[in-house]
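Number of protein chains: 2
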Amino acid sequence: MLNRKSDQCISCEICNDRSPLFNLLSQEELKIMNAGRFEVSFNNGETIVKQGTSATHMITLTHGMAKLFLEGIDKRNLILDIILPWTLFGGPGLFTDMRYHYSVSAITDASACFIAAENVRQVLRSNPDFAEAMLKHCNKNSSANFDRLISLTQKQMPGRLADALLYLSGKVFHSKSFTLTITRLEMGEMSNMTKESTTRILKEFESEGIIRLDGKSIEILKMDVLKDISVRG
Amino acid sequence: MLNRKSDQCISCEICNDRSPLFNLLSQEELKIMNAGRFEVSFNNGETIVKQGTSATHMITLTHGMAKLFLEGIDKRNLILDIILPWTLFGGPGLFTDMRYHYSVSAITDASACFIAAENVRQVLRSNPDFAEAMLKHCNKNSSANFDRLISLTQKQMPGRLADALLYLSGKVFHSKSFTLTITRLEMGEMSNMTKESTTRILKEFESEGIIRLDGKSIEILKMDVLKDISVRG
DNA sequence: AAAACTAATTGATTTAAATTAATTATGAAA
DNA sequence: TTTCATAATTAATTTAAATCAATTAGTTTT
């Protein structure tokens, strides 16, 4: 039985599908996190967090899907992650310049839970397990960004697109076949290439029998070959 | 009066030029950090930390200069930072997979202080100020990596090289004119381009009167123009 | 000082990928 | 259904930057 009222959590203490990190917290600490917490629904396409604005909250999706991306030069975006429920984000600006360093926007209808940064800070200081877990979380993100730096600067297009496909299959849809919630343009923004090049390479993969394409749905037929293309650049 | 014996610190408690982060620690905590701590001298070119090996220590330079870099595909490196004394590094693998995710090697004769990761962890858990400072440190690095991602993927060569020059001038040598401790190849590894292209663009900057070149020494003559090239890509 | 490396420069050529330009699907709204 | 808008595909052209190939300048070593 869900502790929800019209899809809204009542409080963190009794929220039964919150971020795993919250399992480290005591009832007292959950109460702190819950104070001032609020949940907002977003339509597909709406901005959840805008790069450059004041970073007042830690955020987690409660349902739906979102893209986390850097707004670069001349309106060119770089998508870093496709976010699923219970991934904490808002991070890098917290405790530093208090600005969001990336934008996040909904790629399906979605809702998100906003927790006051100051409350997170307070709990972080009182609970070493939570602090360590957050540091772990931050370190994991750093590692992922290192991998991304190498992928984006040293691999050519087939390698970069292979990385995007493997990411979508392994981390987002958890399946060899999936129906995209993003456009070709956005696939390009994941692998730093134009939409035209994205189409080209996808078709190339298809003609080589590595994937099956059918509009918005993709099936990976030769996982081993795709992985090989990924590692060899 | 220096508390040193042949350039080696005796202990963290009386080390008078340690990392600023250590100022947050009590005598008791410094004692923990000091336990098992050791200092090693490196010749120019020697490896201090090797990507992929077991991350057992947090490290800080005590003197000299080092480059922190990712070892990518086909022996191609990407230099992320030029490290000066008292910058803590070793980070991202700690508390996660316990592997170093980058290599660090000396670009002058240098020495480094190695602190056991387990001791850092222990102090981190006992001292919220230190934990918060470490998280801040980690977040700052993340932001820097976001900037780097945009620079390296969206700017063309002049913009990327401008970024490298501004970094060297502002963060490493703290002066408009400096004598490089790195080669053209390494400048290229900072801005993801070949040594030939590095030379070419440097000469181009010189002929435009933006910089003065004299072998290993560089003087930035038109800082505003260089900054403009950096932002416009 | 001569020899042997290593690093830096310069130019010619090739190549990966962007840009430009049309065309074709697909989906939403009237 | 027709219209309109957005997304995807395809091909031709251009461009940024790598590669290849010498040459020149600096350092070490002998």
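For the protein sequence lines, the chains are A and B, in the order given.
The first sequence begins at 1 in the working numbering and counts up one residue at a time.
The second sequence begins at 1001 in the working numbering and counts up one residue at a time.
The C-beta atom is built at its ideal place from N, Cα and C for all residues, glycine as well.
Note that this is a predicted model, so its numbers are computed, not measured.
Selected residue, minimal CA-CA separation from residue i, among the options
{"i": "A/LEU94", "options": "A/LEU221, A/THR47, A/MET134", "result": "A/MET134"}
{"i": "A/THR60", "options": "A/GLY52, A/GLY233, A/CYS15", "result": "A/CYS15"}
{"i": "B/PHE1205", "options": "B/MET1157, B/TRP1086, B/ARG1125", "result": "B/MET1157"}
{"i": "B/HIS1174", "options": "B/ASP1228, B/ILE1229, B/ILE1220", "result": "B/ILE1220"}
{"i": "B/GLN1154", "options": "B/VAL1231, B/LYS1067, B/THR1062", "result": "B/VAL1231"}
{"i": "A/LEU32", "options": "A/ASP129, A/GLY209, A/ILE115", "result": "First, the amino acid is wrong: residue 32 of chain A is Ile here, not Leu. When each option's Cα is compared against that of A/ILE32, the closest is A/ILE115."}
{"i": "A/HIS101", "options": "A/ALA131, A/ALA66, A/MET58, A/THR53", "result": "A/THR53"}
{"i": "A/GLU13", "options": "A/GLU28, A/PRO20, A/SER151", "result": "A/GLU28"}
{"i": "B/SER1197", "options": "B/ASP1017, B/CYS1113, B/GLY1159", "result": "B/GLY1159"}
{"i": "B/ALA1066", "options": "B/GLU1132, B/ALA1055, B/ALA1112, B/ASP1017", "result": "B/ALA1112"}
{"i": "B/ALA1110", "options": "B/TRP1086, B/SER1026, B/GLY1233", "result": "B/TRP1086"}
{"i": "B/GLY1215", "options": "B/VAL1225, B/ASP1017, B/LYS1203", "result": "B/LYS1203"}
{"i": "B/PRO1020", "options": "B/PHE1130, B/LEU1068, B/ALA1117", "result": "B/PHE1130"}
{"i": "A/LEU213", "options": "A/ARG200, A/MET58, A/THR96", "result": "A/ARG200"}
{"i": "B/THR1062", "options": "B/MET1223, B/LEU1088, B/ALA1055, B/ILE1211", "result": "B/LEU1088"}
{"i": "B/GLY1090", "options": "B/THR1194, B/ARG1121, B/SER1026, B/MET1058", "result": "B/MET1058"}
{"i": "B/THR1056", "options": "B/ASN1034, B/SER1207, B/VAL1120, B/LEU1068", "result": "B/VAL1120"}
{"i": "A/SER207", "options": "A/ALA144, A/SER26, A/LYS222", "result": "A/LYS222"}
Listed by chain order, chain A residues near residue i by CB distance under 8 Å
{"i": "B/LYS1155", "result": "ILE73"}
{"i": "B/CYS1138", "result": "LEU135, CYS138, ASN139, SER142"}
{"i": "B/ILE1150", "result": "LEU70, GLY72, ILE73, LEU78"}
{"i": "B/PHE1205", "result": "By Cβ distance, chain A contributes nothing, its closest Cβ being about 20 Å from B/PHE1205, past 8 Å."}
Interface residues of chain B facing residue i [CB-CB closer than 7 Å]
{"i": "A/GLY233", "result": "ILE1073"}
{"i": "A/ASN192", "result": "THR1153"}
Contact list for residue i against chain B, beta-carbon separation under 8 Å
{"i": "A/THR96", "result": "LYS1136, ASN1139, LYS1140, SER1143"}
{"i": "A/GLY91", "result": "ASN1139, SER1142"}
{"i": "A/TYR100", "result": "In chain order: nothing, as chain B lies at least about 10 Å away."}
Cβ-based burial, residue i [other Cβ within 10 Å; buried from 16]
{"i": "B/ARG1148", "result": "buried"}
{"i": "A/CYS9", "result": "buried"}
{"i": "A/SER142", "result": "buried"}
{"i": "A/PRO92", "result": "buried"}
{"i": "A/LEU185", "result": "exposed"}
{"i": "B/MET1098", "result": "exposed"}
{"i": "B/PHE1042", "result": "buried"}
{"i": "A/LYS50", "result": "exposed"}
{"i": "B/PHE1146", "result": "buried"}
{"i": "B/GLY1209", "result": "exposed"}
{"i": "A/SER169", "result": "buried"}
{"i": "A/GLY64", "result": "buried"}
{"i": "A/ASP228", "result": "exposed"}
{"i": "A/GLY36", "result": "exposed"}
{"i": "B/PHE1038", "result": "exposed"}
{"i": "A/ASN23", "result": "exposed"}
{"i": "B/ARG1018", "result": "buried"}
{"i": "A/SER151", "result": "buried"}
{"i": "A/MET1", "result": "Per-residue confidence for A/MET1 stands at a pLDDT of 31, beneath the threshold of 50, marking its modelled position as unreliable; no derived number is given."}
{"i": "A/GLY233", "result": "buried"}
{"i": "B/ASN1003", "result": "Reliability of the predicted coordinates at B/ASN1003 is poor, the pLDDT of 36 falling under 50, and the value obtained from them is presented with this limitation in mind. Per the 10 Å Cβ criterion, exposed."}
{"i": "A/LYS5", "result": "Summary for A/LYS5: the model assigns pLDDT 37, below 50, so the residue's position carries little reliability, and this model does not support an answer."}
Contact list for residue i against chain A, beta-carbon separation under 7 Å
{"i": "B/ARG1076", "result": "GLN154"}
{"i": "B/PHE1114", "result": "Near B/PHE1114 there are no residues of chain A at all, since even the closest Cβ is about 19 Å away, more than 7 Å."}
Neighbour list for residue i in chain A, Cβ cutoff strictly below 9 Å
{"i": "B/PHE1022", "result": "Result: empty, since nearest Cβ-Cβ is about 17 Å, beyond 9 Å."}
Against chain B: residues of the region 120-135 of chain A by CB proximity under 9 Å: For the region 120-135 of chain A, the set of positions with a beta-carbon nearer than 9 Å to some beta-carbon of chain B reads ARG121, LEU124, ARG125, SER126, PRO128, ASP129, ALA131, GLU132, ALA133, MET134, LEU135 in chain order.
At least 3 beta-carbon pairs within less than 8 Å: the region 76-89 of chain A vs the region 177-196 of chain A: Touching, yes.
Inter-stretch contact at 8 Å, needing at least 3 Cβ pairs: the region 101-110 of chain A / the region 39-49 of chain A: Yes: at least three Cβ pairs fall under 8 Å.
Three CB pairs or more closer than 8 Å across the region 1162-1173 of chain B and the region 1128-1143 of chain B: No, the region 1162-1173 of chain B does not touch the region 1128-1143 of chain B.
Stretch pair the region 187-203 of chain A + the region 72-79 of chain A: three plus CB contacts closer than 8 Å: Judged by pairs of C-beta atoms under 8 Å, the region 187-203 of chain A touches the region 72-79 of chain A, as three or more such pairs exist.
Three-pair Cβ contact test at 8 Å for the region 1117-1126 of chain B versus the region 1067-1075 of chain B: Taking 8 Å as the limit for Cβ pairs, the verdict is that the region 1067-1075 of chain B does not touch the region 1117-1126 of chain B.
Within 8 Å of chain A by C-beta, residues of the region 1159-1182 of chain B in sequence order: Listed by position, the residues of the region 1159-1182 of chain B near chain A (Cβ gap below 8 Å) amount to none.
Chain-ordered residues of the region 1033-1062 of chain B with a beta carbon less than 7 Å from chain A: Contacts with chain A (Cβ-Cβ distance below 7 Å) from the region 1033-1062 of chain B involve no residue at all.
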